[in-house]
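Here the structure comes first, spelled out in structure tokens, and everything after it is commentary.
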Amino acid sequence: MNNKNIRKTFAAVIVGIACAAWGNAALAATPEAKAAYKSANEQAGVNYKAAHAECEKISGNPKEVCIAEAKAVRAYDEAVAQAQYTNTLRAYTKARVKIADANYDVDHKRCDALTGNDKDVCIKLAKSTKVAALADAKADKKVIEARSDARDEKRKAEYKVAAEKCDALAGAAKDDCVKAAKLQFGY
Numbered sequence: 003m004n005n006k007n008i009r010k011t012f013a014a015v016i017v018g019i020a021c022a023a024w025g026n027a028a029l030a031a032t033p034e035a036k037a038a039y040k041s042a043n044e045q046a047g048v049n050y051k052a053a054h055a056e057c058e059k060i061s062g063n064p065k066e067v068c069i070a071e072a073k074a075v076r077a078y079d080e081a082v083a084q085a086q087y088t089n090t091l092r093a094y095t096k097a098r099v100k101i102a103d104a105n106y107d108v109d110h111k112r113c114d115a116l117t118g119n120d121k122d123v124c125i126k127l128a129k130s131t132k133v134a135a136l137a138d139a140k141a142d143k144k145v146i147e148a149r150s151d152a153r154d155e156k157r158k159a160e161y162k163v164a165a166e167k168c169d170a171l172a173g174a175a176k177d178d179c180v181k182a183a184k185l186q187f188g189y
């Protein structure tokens, strides 16, 4: 799998996690979430140190690329852990930005091995890839927000319909109907 496919897969995973987590915001503050966050950060540090040690066996630009890749993997692991712990749309978007920055750094290090026009094209491509990743993150955030807003508007409209149906009733039956509607639609 090449780097572009890996990045697209990472982005898809982040978007999927964000969509799934958006409805589970209450889970973020649990002790289990905090322990998982701490463990993920520690594991990211351990993995980074091991990868960095492997990079020390190499020299020149390949070493710089290797180190940048190790940093990118650590940034990805830490960003995903933070996003899962915080469990907000903003956190997932921030994670995608950190991942895009880390991937750009890797691409830029790869470009350093080139010269002349090839290097210029490589750097422009790296910047273009970063801009695209940031634009996708921003667009995905807007889509998720729009879906959430639409879901809220639909729920309000459905509640109004249910409440209106209750108006045809009287007394305890009406009270029970209104309570059931409020319970069903979260009011």
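Under our numbering, the sequence shown is numbered contiguously, ending at residue 189. Quick reminder that beta carbons are idealized off the backbone N, C-alpha and C, glycines included.
{"query": "Minimum C-alpha distance to A2 - residue among D178, A183, D142", "result": "The first residue shown for the chain is 3 and the last is 189, placing residue 2 beyond what the model contains."}
{"query": "A104 beta carbon less than 9 Å from that of A134", "result": "no"}
{"query": "Local Cβ density within 10 Å of Y189, reported as buried at 16 or more and exposed below that", "result": "exposed"}
{"query": "Between the CA atoms of A175 and A46 - distance to the nearest angstrom", "result": "59 Å"}
{"query": "Proximal residues to N43 (C-beta, below 7 Å), its chain only, five neighbours per side dropped", "result": "E80, A83"}
{"query": "Backbone CA spacing between D107 and D122 [nearest angstrom]", "result": "15 Å"}
{"query": "Extent of the continuous alpha helix (DSSP H) to which Y39 belongs", "result": "33–57"}
{"query": "Buried or exposed by the 16-neighbour rule on C-beta atoms within 10 Å, applied to R112", "result": "buried"}
{"query": "Alpha-carbon to alpha-carbon, L136 and V145", "result": "14 Å"}
{"query": "Selected residue, minimal CA-CA separation from H54, among K140, A183, L116, A72", "result": "A72"}
{"query": "The stretch 162–171 contacting the stretch 179–187, beta-carbon criterion three pairs below 8 Å", "result": "yes"}
{"query": "Three-state secondary structure assigned by DSSP to I146", "result": "helix"}
{"query": "Y161 versus E155: straight-line alpha-carbon distance, rounded", "result": "10 Å"}
{"query": "Range covered by the alpha helix (DSSP H) that runs through N105", "result": "91–113"}
{"query": "Presumed contact (8 Å Cβ cut-off) between A102 and N63, rounded CB distance", "result": "Not really, about 22 Å apart at Cβ, beyond 8 Å."}
{"query": "T88: first and last residue of the uninterrupted alpha helix (DSSP H) it sits in", "result": "63–88"}
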